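For the working numbering, count along the sequence shown from 1 and bump the result up by 14.
Every residue, glycine too, gets a C-beta built ideally from N, C-alpha and C.
These figures come from a predicted structure and were not determined experimentally.
Beneath this line is the structure, given in structure tokens, with notes to follow.
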Amino acid sequence: MDHAVLQALILPTLAGITIPLGAFLARFDVLMPGWMQDEFRHSVMAFGGGALFSAIALVLVPEGIARVQAVPAILAFAAGGVVFGFLDYTLSSGTGRFAQFMAMMLDYVPEAMALGAMLSGQTEIAVLLAGLIALQNLPEGFNAWREMTQDHNRPGLIWVFMAVVLVGPLAALIGLFVLTNAPAILGTIMLFSAGGILYLIFEDVAPHVPLEHRWGPPLGAVAGFLLGLAGHLASM
Numbered sequence: 015m016d017h018a019v020l021q022a023l024i025l026p027t028l029a030g031i032t033i034p035l036g037a038f039l040a041r042f043d044v045l046m047p048g049w050m051q052d053e054f055r056h057s058v059m060a061f062g063g064g065a066l067f068s069a070i071a072l073v074l075v076p077e078g079i080a081r082v083q084a085v086p087a088i089l090a091f092a093a094g095g096v097v098f099g100f101l102d103y104t105l106s107s108g109t110g111r112f113a114q115f116m117a118m119m120l121d122y123v124p125e126a127m128a129l130g131a132m133l134s135g136q137t138e139i140a141v142l143l144a145g146l147i148a149l150q151n152l153p154e155g156f157n158a159w160r161e162m163t164q165d166h167n168r169p170g171l172i173w174v175f176m177a178v179v180l181v182g183p184l185a186a187l188i189g190l191f192v193l194t195n196a197p198a199i200l201g202t203i204m205l206f207s208a209g210g211i212l213y214l215i216f217e218d219v220a221p222h223v224p225l226e227h228r229w230g231p232p233l234g235a236v237a238g239f240l241l242g243l244a245g246h247l248a249s250m
């Protein structure tokens, strides 16, 4: 098997495993109900929000505008916000909330595509990106699980989170074989995702973070963005 193909299968799989790991950890909040329900849970949510924001500011938008001209870039970003605003409105009128799960996938899929595209000539950066994705996915999986099970106990849902891992290698293979020679399409996908994530952060993540007289959640947001910044600087 070609070395780049093997890496496209292994790296995003390792990065994606932290999604069900985060969901698995979220299932044990009953061990420390007071703390987990309050400052710790809010801090993890804020950390995930900071990590998502770092993905927008340091990966998706810079890499997107490097591949797409100004007007299409603006339209793609705006379309992401509008489309996922509509999706969130539609889903919120039903039986459950999926905003954080959608934000996690909007982050994971285009970054895995970018990782695959980088394997054609930027392998070291691709490895660093895989590590950054793995660290981002842990709190995002935690938060998505908490959101999707807040009203019901759904033990079988863990298999959905396990299946999500397989999306990463598929996206990386698309990036490697299709988007390496189509930078404008990859850039458009990244900008569209960035717009959707930004909407979801301010609509669903940030409003659930605040606690009065607690300093952990805002520091968690700083730490989440710091994680993304460290990964970005390491790849330069």
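To the nearest angstrom, how far is it from the Cα of residue i to the Cα of residue j?
i, j, result
"Ala87", "Gly36", "33 Å"
"Ala90", "Phe206", "5 Å"
"Ala29", "Gly210", "21 Å"
"Glu77", "Leu200", "9 Å"
"Leu74", "Ser134", "19 Å"
"Val181", "Glu217", "25 Å"
"Asp16", "His166", "45 Å"
"Phe100", "Leu212", "14 Å"
"Ala40", "Arg160", "6 Å"
"Pro169", "Met162", "11 Å"
"Phe191", "Pro197", "12 Å"
"Ala92", "Thr202", "11 Å"
"Ile24", "Met116", "23 Å"
"Val97", "Ala140", "29 Å"
"Glu138", "Ile147", "14 Å"
"Gln136", "Gln83", "23 Å"
"Gln164", "Val85", "41 Å"
"Leu38", "Ile172", "Leu is not the amino acid found at residue 38; the sequence shown has Phe there. C-alpha separation (whole angstroms): 7 Å."
"Met50", "Phe42", "With a pLDDT of 48 at Met50, under the threshold of 50, the predicted position of this residue should be treated as unreliable, and no value is reported."
"Pro34", "Val178", "8 Å"
"Leu214", "Met204", "15 Å"
"Leu143", "Ala113", "24 Å"
"Gly174", "Ala60", "At residue 174 the sequence reads Val, which differs from the Gly that was named. If I take the Cα positions, the gap works out to 24 Å."
"Leu193", "Thr104", "31 Å"
"Met118", "Ala71", "16 Å"
"Ala18", "Asp121", "22 Å"
"Gly155", "Asn195", "32 Å"
"Gln21", "Gly145", "13 Å"
"Phe67", "Val123", "16 Å"
Can you tell me where the alpha helix (DSSP H) holding residue i begins and where it ends?
i, result
"Pro153", "137–162"
"Ser207", "197–214"
"Leu25", "17–30"
"Val123", "113–132"
"Leu187", "181–188"
"Ala177", "172–178"
"Ile70", "Unbroken run through Ile70: none, as it is neither H nor E."
Cβ of residue i within 7 Å of any heavy atom in the ligand FAD?
i, result
"Arg160", "The ligand FAD is absent from the structure shown, which contains no ligands of any kind."
Under the assumption that residue i contacts residue j (Cβ atoms under 8 Å), give the Cβ distance between them as a whole number of angstroms.
i, j, result
"Thr32", "Leu152", "4 Å"
"Gln150", "Ala65", "4 Å"
"Asn157", "Gly94", "Not really, about 20 Å apart at Cβ, beyond 8 Å."
"Ala80", "Glu125", "Not a contact, Cβ separation roughly 15 Å."
Would you say residue i faces chain B, with C-beta separation under 8 Å as the test?
i, result
"Ile139", "Protein chain content of the structure displayed is limited to a single chain, and chain B is not contained in it."
Three Cβ pairs or more, each shorter than 8 Å: is that satisfied between the segment 116–132 and the segment 179–186? Flag = yes, the segment 116–132 and the segment 179–186 touch.
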